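Peer 1:
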Amino acid sequence: MSTQTEFVIPVEEAPEPGDHYLNHTFGLASWLLTKDHKRIAILYLISISFFFVLGGLMAVLIRLELTTPEGDLVQPDIYNRLFTMHGVLMIFFFLIPAIPGVLGNFLIPLMIGAKDLAFPKINLLSWYIYVIGGLFTFYALVSGGVDTGWTFYAPLSTTFTSTHVMAVALGIFIAGFSSILTGLNFVVTIHRMRAPGMTWSRLPLFVWAHYATSIIQILGTPVIAITILLLAAERLFHVGIFDPKVGGDPVLFQHFFWFYSHPAVYIMILPSMGVVSELIAAFARKKVFGYHFVAFSSIAIAVLGFLVWAHHMFVAGISVYAAAVFSVLSMLVAIPSAIKVFNWTTTLYKGSISWETPMLYALGFIGLFTIGGLTGVMLATLGIDLHVHDTYFIVAHFHYIMVGGAIMGYMGGLHYWWPKITGKLYPKFWSTVSALIIFVGFNVTFFPQFILGYLGMPRRYHTYPAEFQVLNVMSSAGATVLGLGYLIPAIYLIWSMRYGKDASDNPWGAVGLEWETSSPPPVENFETPPVVTWEAYEYHESTAMHSLAPSSRGSYRVG
Amino acid sequence: MTQPLHGFLRDAPLFPPRASEMARDIDFLFFSTLGVLIFFSTLIASLIFYFMVRYHRRSPNQVGRQPQGNTMLLETAWIIVPLILTLAIFTWGAQIYFAAARPPAGAMQFYVVGKQWMWKIEHPSGKREINELHVPRGQAVKLRMTSEDVIHSFYVPAMRVKADVIPGKYTMLWFKPDTVGTYHLFCSQYCGAEHSHMVGRVVVMEPTDYELFIAGAGGTGGTSSVASGEELFVTKSCNTCHRPDTTARAPMLWGLFGKTVAFHDGRTTVADEAYIRESILNPAAKVVSGYQPIMPTYRGQLSEEEIIQLIRYIQSLKPNAVDGQVR
């Protein structure tokens, strides 16, 4: 290979794989003190996987308990802790940091042709803050957990429960700073670090989506931090803010809480949408249809996301006029979401579509997100919300968005960039099979929950009337399949790191700066700083052949 | 073959019972929007499957073909069509929601107090029940609700309505049952350890059966709440200031309920449950014009049920009940 340079650092055998970010230095300290965005991405990958497994184990226990109408597996207060900690871990320690922390960190500098993020040390600090927040929450978990639901509604959380509210809230408070710093780092990086020629309208849509996400992280997260401080003031010092017994207003808490926590939903789904745009383009070998519409719809979602929080409170005694305003604003979120779905689907038209595993996840995302989004429209409809609010209908809806959307996108992205991240290929058969298992398992788990909700089964119920059992057993059976589906990739991805075939620099024949460098990339990302003279996703017959040739790096240009 | 299927469907229904006109309206809206959902999901899924097969990559170097011509029309179409659809759905949903917020005149007034983990219900007659609500068929029923502790939510799936039950304020839920039967009552807002046991029944009865039920010995609470309220009015010494004569130091309560009250700062309000509750717990918030703010607060000294008893007693005070001294 032509990548050899003369000043090879004194490590043993460099010649065969070449010098890259994984083998440049060795030892635990070289990882824990790294400022390389690619290594920090790996640190995130390990830590979010830990919390995903932990949250997943709680989901297993929840589904196991719900196979029978009686509460026969665990006591009610244990059940309440299980669903609370499932929500807290999955939302604050998996979904929010997942794609930005792992894929965003790894790819944004590569995609815009930069050496690193704008603030590499702050990037490492973000990870440490996240880990400290996670450890606080983990401490709360092993010392008994918290039973308020992840929503911490007052006055239950401030006055009535005796569980570890403050430890978990402190964990979330701390992790929030990680989220803010990551967002800041991305915004500055995207503004200041783009390679020459990488104009805004040439940015990959993944970068656009992360830009929109970062705006929410920076503007929204301080509000949850303030809310937690107010909660602490009431719980620890009995300052009357939310509990009417001391002169507070419990609905005020919901306004504060959802002012962050609704936009937080878009922190979880927008990066996934960015991933899907990349996958659709790469596996249809085509520029994303309506590039500018898809790019700006991310920004539109980020802005509108701040204006819809009270749709969580339609039955909380708010004024009917406020409810009407929030209902119509919530409907508007459907427009940029629909723009994305229609543009992705149209991109497939006359594409050159390959059925690689990442593409299966992307197509699964579009279908499941469509169902999740349209049931969101139903929930935003005031008359329907009266009935299905706080039932399993909403549980099914947000799992279609979070699991069917956000996690599908994350899995697709992980499979797409795995060869770039590790330099290894995973077995196609097993990855295809597990993608299909996950899709089937997901639907069997969550579709019955829509029906349960329409039937009137409230969420967060430890026991339930016997007529709901058949659908609950279906859901639990599906969850078993889904769990198995997640287990297979965990096995073959880890397996591939040691035994997988070496990946070429551009195994998918995709365009994009990240495919212009070696797999895995060198510490500096690019041998020579790239200059961009082409639009995003420009596929031509000649370039496809070109990109498929392994040693064409550096000379790739499109006229 | 049909027998086990029939049994299965009976044990695991796919449709909840429906017991009010509004439940039918909400179902119609629900299934209409579900139709929109099915249409678009099927459209997207079919297109994806068709394109996947039709445009499957045939040679390793093949790339997609870019669309020709003006794509603005398409982009505009899929902005305008969803916009019109969602605004139509919004309007329809808002109509039902507004109707659900406005109980018909002459609705029977029930009181509900939620507490961890039970529902305490009081009939217009003063009869009380726990975790059960018996109502007559064909009569609009209005529940005025509050909570003794945390937030609960009163949910009757058969009526398709719910409302949160919030400490510190009164919320309202109404429905007009039109089918006799026994229906689920759920607490749908998570309220602590025994949340899933905060359940009960709504029993819709023929009006004649309801009369018998009210007259009968069922339920709890021997004395009517008006009587209990009158007792409280004396034991809490409300009667020392709130006297039915013009020399009293406190505003006249006889004939007060439903009237407009003027305050010293020029504001006015209609004397309803929320106003009376506030005046008991936070008397200085609204001081009636012409009176001094001398009333002490009763915060922490009365349970929500006792406050409701006082309200009902004040409601019962008619102007003509006092011998000719009312203005």
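Residue numbers (the numbering used here), protein chains in the order written: chain A, 1168 to 1726; chain B, 802 to 1128.
Positions of the beta carbon are idealized from the N, C-alpha and C atoms, including for glycine.
For clarity, every value in this text was computed on a predicted model and none was experimentally measured.
Going by DSSP in three states, Gln-910 (chain B) sits in which element: helix, strand or coil?
Peer 2: Looking at Gln-910 (chain B) - three-state DSSP - the assignment turns out to be strand.
Peer 1: Name the chain B residues that come within less than 7 Å of Asn-1610 (chain A), Cβ to Cβ?
Peer 2: Per Cβ cutoff of 7 Å: no residues; Asn-1610 (chain A) is ~12 Å from chain B at best.
Peer 1: What residues in the region 1340-1361 of chain A have a beta carbon less than 8 Å from any beta carbon of chain B?
Peer 2: Residues passing the 8 Å Cβ filter: none.
Peer 1: With Tyr-984 (chain B) as the anchor, note down where its beta strand (DSSP E) starts and where it stops.
Peer 2: Element bounds for Tyr-984 (chain B): 982-988.
Peer 1: Which chain B residues are close to Tyr-1706 (chain A), counting only those with a beta carbon under 9 Å from its beta carbon?
Peer 2: In chain order: Val-864, Gly-865, Gln-867.
Peer 1: Starting from the beta carbon of Asp-1557 (chain A), find every residue of chain B whose beta carbon is closer than 7 Å, and list them in chain order.
Peer 2: The answer, in chain order, is Ser-954, Ser-989, Gln-990.
Peer 1: Assess, as a yes-or-no matter, whether the region 1291-1301 of chain A is touched by the region 1406-1415 of chain A under the definition of 3 or more beta carbon pairs within less than 8 Å.
Peer 2: The region 1406-1415 of chain A vs the region 1291-1301 of chain A: no contact.
Peer 1: Measuring CB atoms only, is the region 942-961 of chain B touching the region 1469-1476 of chain A, in the sense that at least three cross pairs come out at less than 8 Å?
Peer 2: Taking 8 Å as the limit for Cβ pairs, the verdict is that the region 1469-1476 of chain A does not touch the region 942-961 of chain B.
Peer 1: Under 9 Å, Cβ to Cβ, is there at least one residue of chain A near Glu-930 (chain B)?
Peer 2: No, its Cβ sits nowhere closer than 9 Å to a Cβ of chain A.
Peer 1: DSSP state of Tyr-1488 (chain A), grouped into three classes?
Peer 2: Helix, per DSSP.
Peer 1: Could you tell me whether any Cβ in chain A is nearer than 9 Å to the Cβ of Pro-817 (chain B)?
Peer 2: Chain A, which has a Cβ nearer than 9 Å to the Cβ of Pro-817 (chain B), makes this yes.
Peer 1: List the endpoints of the continuous beta strand (DSSP E) containing Phe-1560 (chain A).
Peer 2: Counting along the chain, Phe-1560 (chain A) falls outside any beta strand (DSSP E), though it belongs to the alpha helix (DSSP H) covering 1559-1568.
Peer 1: So if I threshold CB-CB distances at 7 Å, which residues from the region 945-975 of chain B count as touching chain A?
Peer 2: Listed by position along the chain: Asp-950, Val-951, Ile-952, Ser-954, Tyr-956, Pro-958, Arg-961, Val-962, Lys-963, Ala-964, Asp-965, Ile-967, Pro-968, Gly-969, Lys-970, Thr-972.
Peer 1: Where does Arg-1665 (chain A) fall in DSSP's three states?
Peer 2: Three-state result, Arg-1665 (chain A): helix.
Peer 1: Report yes or no: is there a C-beta of chain A within less than 9 Å of the C-beta of Ile-1108 (chain B)?
Peer 2: Closer than 9 Å: no.
Peer 1: Can you pull the chain B neighbours of Leu-1553 (chain A), defined as C-beta to C-beta under 7 Å?
Peer 2: Result: Ile-827, Tyr-898, Ala-901, Arg-961, Val-962, Lys-963.
Peer 1: Less than 9 Å between CB atoms is the rule here; does Val-1418 (chain A) satisfy it with respect to chain B?
Peer 2: Interface residue, yes.
Peer 1: Between the alpha carbons of Ser-1428 (chain A) and Phe-1014 (chain B), how many angstroms are there, rounded?
Peer 2: Straight-line Cα distance between these residues: approximately 47 Å.
Peer 1: For Leu-974 (chain B), which beta-bridge partners are listed by DSSP?
Peer 2: Leu-974 (chain B) is bridged to B:Leu-944.
Peer 1: How close, in whole Å, do the beta carbons of Thr-1514 (chain A) and Val-1455 (chain A) come, if the pair is a contact with beta carbons under 8 Å?
Peer 2: Right, their Cβ atoms sit about 5 Å apart.
Peer 1: Identify which residue in B:Arg-825, B:Leu-934, B:Arg-1078 has its Cα closest to the Cα of Met-960 (chain B).
Peer 2: Residue B:Arg-825 is the option with its Cα nearest to Met-960 (chain B).
Peer 1: Rounding to the nearest angstrom, what Cα-Cα distance links Met-873 (chain B) and Trp-879 (chain B) in this structure?
Peer 2: Approximately 10 Å, taken between the alpha carbons.
Peer 1: Under 9 Å, do Gly-1571 (chain A) and Phe-1609 (chain A) count as touching if we go by C-beta distance?
Peer 2: Yes, these two residues count as a Cβ contact at 9 Å.
Peer 1: Which whole-angstrom value describes the C-beta separation of Ala-1448 (chain A) and Tyr-1628 (chain A), a residue pair presumed to lie in contact below a C-beta threshold of 8 Å?
Peer 2: Actually they are not in contact, since the Cβ atoms of Ala-1448 (chain A) and Tyr-1628 (chain A) sit about 44 Å apart, beyond 8 Å.
Peer 1: Listing by chain order, which chain C residues have their CB less than 8 Å from the CB of Phe-1456 (chain A)?
Peer 2: The structure shown contains no chain C; the protein chains it does contain are A and B.
Peer 1: So, does the CB of Ile-880 (chain B) fall closer than 9 Å to a CB anywhere in chain A?
Peer 2: Taking Cβ atoms only, chain A reaches closer than 9 Å to Ile-880 (chain B), which makes this a yes.
Peer 1: With DSSP collapsed to three states, give me the class of Glu-1232 (chain A).
Peer 2: Note: Glu-1232 (chain A) maps to helix in three-state DSSP.
Peer 1: For the beta strand (DSSP E) that contains Leu-934 (chain B), what are its first and last residues?
Peer 2: Note, Leu-934 (chain B): beta strand (DSSP E), 933-937.
Peer 1: Figure out for me which residue from B:Thr-1009, B:Gln-1093, B:Arg-945 has the closest Cα to the Cα of Gly-1484 (chain A).
Peer 2: If we check each option's Cα against that of Gly-1484 (chain A), B:Arg-945 comes out closest.
Peer 1: Quick one: what's got a C-beta closer than 7 Å to Gly-1679 (chain A)'s C-beta in the same chain, skipping five residues either side?
Peer 2: These residues qualify, in order along the chain: Met-1278, Pro-1371.
Peer 1: Counting C-beta neighbours from all protein chains within 10 Å, is the total for Pro-861 (chain B) 16 or more, i.e. buried, or is it exposed?
Peer 2: Pro-861 (chain B) should be labelled exposed.
Peer 1: Residues of chain B with a CB under 7 Å from the CB of Asp-1244 (chain A): which are they?
Peer 2: Those within 7 Å of Asp-1244 (chain A) in chain B are Ala-994.
Peer 1: Could you give the DSSP three-state label for Trp-920 (chain B): helix, strand or coil?
Peer 2: In the structure shown, Trp-920 (chain B) sits in a strand (DSSP, three-state: E or B).
Peer 1: Pair every Cβ in the region 1437-1451 of chain A with every Cβ in the region 1362-1382 of chain A, then say whether three or more of these pairs are closer than 8 Å.
Peer 2: As far as the Cβ criterion goes, the region 1437-1451 of chain A touches the region 1362-1382 of chain A, which means the pair count is three or higher.
Peer 1: Return the CA-CA distance between Ile-1727 (chain A) and Glu-949 (chain B), expressed in angstroms with no decimal places.
Peer 2: What the structure shows of chain A is the stretch from 1168 to 1726, and residue 1727 (chain A) is not part of that stretch, so it cannot be assessed.
Peer 1: Is it buried or exposed, Gln-1102 (chain B), if we count other Cβ atoms within 10 angstroms and call 16 or more buried?
Peer 2: The residue in question, Gln-1102 (chain B), is exposed, as its Cβ has fewer than 16 Cβ neighbours within 10 Å.
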